[in-house]
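**Student:** Encoded as structure tokens, here's the structure I'll be asking about.
Put into structure tokens, the structure is as follows:
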């Protein structure tokens, strides 16, 4: 299971894994969110010029959930979004590249 989310699951601390997985299990909305992802409507995206703010899509080069080749489709759906590649990273950049993920979030949400 962890190999689906992390490019290097053996590097994750047991405490981190336990906390994260318990959070999923105990979340009252996880089942509805997963059902919506699987059975819900397809995402329409945001046409060029329609975004009011900056949008950054982060993608792990070793993502096994949303494969890297799918990034091209995301860019088609969100043409104004910036695509940021996380190297040596799976689906959860906050696990594999926590410092880089934090810096990207802070830089992307900073007031211009």
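Residue numbers (our numbering): 8 to 119. For every residue, glycine included, the Cβ atom is placed at its ideal position computed from N, Cα and C. Quick caveat, the model's predicted, so the values are computed rather than measured.
1) Select from 107, 95 and 117 the residue whose C-alpha is nearest the C-alpha of residue 16.
2) According to DSSP, simplified to helix, strand and coil, what is residue 46?
3) Excluding the five sequence neighbours on either side, which residues of its own chain have a C-beta within less than 7 Å of the C-beta of residue 101, listed in chain order?
4) Can you tell me whether residue 4 is buried or exposed? The criterion is at least 16 other CB atoms within 10 Å of its CB, across all chains shown.
5) Quick check on the DSSP output: what are the complete alpha helix (DSSP H) runs of length 4 or more inside the region 42-119, in order along the chain?
6) State the start and end residues of the unbroken alpha helix (DSSP H) segment that holds residue 21.
**Tutor:** Let me lay it out:
1) Put simply, of 107, 95 and 117 the residue whose alpha carbon is nearest the alpha carbon of residue 16 is 95.
2) When DSSP states are grouped into helix, strand and coil, residue 46 belongs to the helix group.
3) Result list for residue 101: 108, in chain order.
4) Nothing can be reported for residue 4, as the shown portion of the chain is limited to 8 through 119.
5) Within the region 42-119, the complete alpha helix (DSSP H) runs of at least 4 residues are 78-84, 100-103 and 105-116.
6) 21-33
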